[in-house]
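One structure is given below, encoded as structure tokens.
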Amino acid sequence: MIRVNTPAIAVLIFLTAAAGLVFSGCAHQQSNPRQPDMTSTVAAPGSPEDPNNAPVTDGEDTDAAGTGDIALAADDGDATENPDWLDEDEPDWLDEDEPDWLDDTDDMQFTATSDPLSGFNRAMYHVNDFLYEGILSPVADAYRALFPSKIRIGVSNFFTNLTGPLRFVNCLLQGKGEAADAEFVRFFMNSTVGVLGFGNPAKEFPELSPSNEDLGQTFGSWGVGEGVFIIWPVLGPSTLRDTVGMIGDRFMHPVSYVNPSEVSYGLSAYERINGLSFRLGDYESLKAAAIDPYEAIRDAYLQYRRINVEK
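Every letter in the sequence shown is one number past the one before it in this note's numbering, and letter 22, counting from 1, is 394.
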């Protein structure tokens, strides 16, 4: 008979819900594929949507397609027997498409950046670093130990698919007709053939790759300047333009309309913990390699956003 450690699971659920109340108290993030989805945001403290990809641990390899998507193999430690609907014979499209700006730091050419709020930003970086080390990382590590990678990949697929309409709208607002068409077809295919988005059959079709658009990038495509760089407590790195954008993204995110609000916060926290479970160690590696981790995170974030706006 399989014995379940009920107290351990209860503690994990409590910590996840608590993180939701803390980490969703302001505007969004996405998991929306936009800036560091919370998993990346606090995962790189000073490090939010997402977001539907730096070294990946536990045998989970980075997708070599150049899109930044994470193609994850089963963890060596995931010896738990999978449910029938997720057994080893599942097609390759049971995979994750979730961008992460930390993955692209090795290829970036950094330039000098004006940072008038550096005093505040550095203080918030240390706050977020403390929250990551003390709460998010331990909870995500326990979650990863409890659930095999295929379960977690399915969850990630579901949340990425859930924000498909948000990306579709931003593609239209930017005049990207082909990308909007791809998002529409991708959402329909993954919602039906992929069973509510838990599977990702659209991955078999390169032309249906997620567009990774958000409202901050839409504003940028309209010529709105990025404004000052700022690190928000909990939410992580942003700019004035992206802060307004993340509020709009949060307003359009389906999870925002779940009642009661505690459930909405819990879902947002769970989405981010699930995403972080694939990236444990990434932030630590960046911090260890940087002379000044704050500046490395700031420059990586700003360049990543500028590249996406120019696409």
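Beta carbons are placed, not taken as given, at the ideal position from N, Cα and C, and that holds for glycine.
Since we're looking at a predicted model, the values are computed, not measured.
When you compare only the Cα positions, how much space is there between residue 657 and residue 649?
-> Start at 1 with the first residue of the sequence shown, and residue 657 comes out as number 285. Start at 1 with the first residue of the sequence shown, and residue 649 comes out as number 277. Going from the Cα of residue 657 to the Cα of residue 649 covers about 15 Å.
Residues near residue 599 by beta carbon distance below 7 Å, same chain, minus five either side = For this step, residue 599 is matched to residue 227 along the sequence shown. The answer, listed in chain order, is 611, 612 and 613.
Please check if any C-beta of chain D sits within less than 8 Å of the C-beta of residue 602.
-> Although the question refers to chain D, the structure presented lacks it and comprises just one protein chain.
Nearest-angstrom Cβ-Cβ length linking residue 645 and residue 499, presumed shorter than 8 Å = Along the sequence shown, read from residue 1 onward, the residue named residue 645 stands at position 273. Along the sequence shown, read from residue 1 onward, the residue named residue 499 stands at position 127. In fact, because the Cβ distance is near 19 Å, the residues do not count as touching under 8 Å.
Could you tell me which uninterrupted alpha helix (DSSP H) segments, each at least 4 residues in length, are contained entirely in the stretch 480–544, listed from first to last along the chain?
-> 490–503, 509–518 and 521–534
How about residue 529 and residue 572: are their beta carbons less than 8 Å apart?
-> Position 157 of the sequence shown, counted from the first residue, corresponds to residue 529. Position 200 of the sequence shown, counted from the first residue, corresponds to residue 572. Going by C-beta atoms, residue 529 is nearer than 8 Å to residue 572.
Hey, would you say the C-beta of residue 528 is under 7 Å away from at least one heavy atom of the ligand COA?
-> Judged by which ligands are present, the structure shown has none, so any question about the ligand COA falls away.
Residue from 496, 487 and 489 with nearest C-alpha to residue 605 = Translated into positions along the sequence shown, residue 605 becomes position 233. For residue 605, the nearest C-alpha among the options comes from 496.
So is residue 683 buried or exposed if we call it buried at 16+ other beta carbons inside 10 Å?
-> The residue given as residue 683 occupies position 311 in the sequence shown. With fewer than 16 Cβ atoms within 10 Å of its Cβ, residue 683 is classed as exposed.
Unbroken alpha helix (DSSP H) runs of length 4 or more, entirely within the stretch 599–649: which are they?
-> 612–624 and 633–648
Can you give me the Cβ contacts of residue 523 inside the same chain, cut-off strictly under 6 Å, excluding the 5 residues immediately before and after it?
-> Sequence index remark: in the sequence shown, residue 523 carries index 151 (1-based). Excluding sequence neighbours, residue 523 sits near nothing in its chain.
So residue 665 is in the alpha helix (DSSP H); what residue range does that whole segment cover?
-> Here the question's residue 665 lines up with position 293 in the sequence shown. That run of the alpha helix (DSSP H) goes 665–682.
Can you list the beta strand (DSSP E) stretches of 3 or more residues lying completely in the stretch 557–585, in chain order?
-> none
On the premise that residue 540 lies in contact with residue 570, defined as a C-beta separation below 8 Å, what is that separation, rounded to the nearest angstrom?
-> Looking up residue 570 in the sequence shown gives position 198. Looking up residue 540 in the sequence shown gives position 168. Not confirmed; about 20 Å, so no contact.
Give a yes or no on contact between the stretch 511–521 and the stretch 614–627, applying the rule of three or more CB pairs nearer than 8 Å.
-> no
Would you call residue 535 buried or exposed, if buried means 16 or more other Cβ atoms sit within 10 Å of its Cβ?
-> Along the sequence shown, read from residue 1 onward, the residue named residue 535 stands at position 163. Per the 10 Å Cβ criterion, buried.
By how many angstroms is the C-alpha of residue 508 removed from the C-alpha of residue 651?
-> Indexing the sequence shown from 1 puts residue 651 at position 279. Indexing the sequence shown from 1 puts residue 508 at position 136. The straight-line gap from Cα to Cα measures roughly 12 Å.
Which stretch, first to last residue, makes up the alpha helix (DSSP H) that contains residue 660?
-> Reading the sequence shown from its first residue, position 288 is the one you call residue 660. Counting along the chain, the alpha helix (DSSP H) containing residue 660 begins and ends at 654–661.
Based on Cα-Cα distance, which residue from 632, 627 and 647 lies nearest to residue 639?
-> Here the question's residue 639 lines up with position 267 in the sequence shown. For residue 639, the nearest C-alpha among the options comes from 627.
Sequence-distant residues of its chain with Cβ nearer than 7 Å to residue 486 (five each side left out) | Position 114 of the sequence shown, counted from the start, is the residue given in the question as residue 486. Excluding sequence neighbours, residue 486 sits near nothing in its chain.
Where does residue 589 fall in DSSP's three states?
-> The count along the sequence shown starts at 1 and reaches residue 589 at position 217. The answer is helix: DSSP assigns residue 589 an H, G or I state.
Between residue 537 and residue 501, what straight-line distance do the alpha-carbon atoms span, to the nearest angstrom?
-> Here residue 537 refers to the residue found at position 165 of the sequence shown. Here residue 501 refers to the residue found at position 129 of the sequence shown. If you take the alpha carbons of residue 537 and residue 501, they lie about 32 Å apart.
DSSP three-state call for residue 547: helix, strand or coil?
-> Working through the sequence shown from its first residue, we reach residue 547 at position 175. Looking at residue 547 - three-state DSSP - the assignment turns out to be coil, as it is neither helix nor strand.
Please look up how many angstroms separate the CB atoms of residue 581 and residue 548, rounded, as I've assumed it's under 8 Å.
-> Numbered from 1 along the sequence shown, position 209 holds the residue referred to as residue 581. Numbered from 1 along the sequence shown, position 176 holds the residue referred to as residue 548. At roughly 13 Å, the Cβ-Cβ gap does not stay under 8 Å, so residue 581 and residue 548 are not in contact.
Starting from the C-beta of residue 527, find all residues in its chain whose C-beta is less than 7 Å away, skip the five residues before and the five after it, and write them out in chain order.
-> Numbered from 1 along the sequence shown, position 155 holds the residue referred to as residue 527. Cβ neighbours of residue 527 beyond the five flanking positions: 646.
CA-to-CA distance, residue 618 to residue 504, given in whole angstroms | Working through the sequence shown from its first residue, we reach residue 504 at position 132. Working through the sequence shown from its first residue, we reach residue 618 at position 246. Residue 504 and residue 618: Cα-Cα distance of roughly 21 Å.
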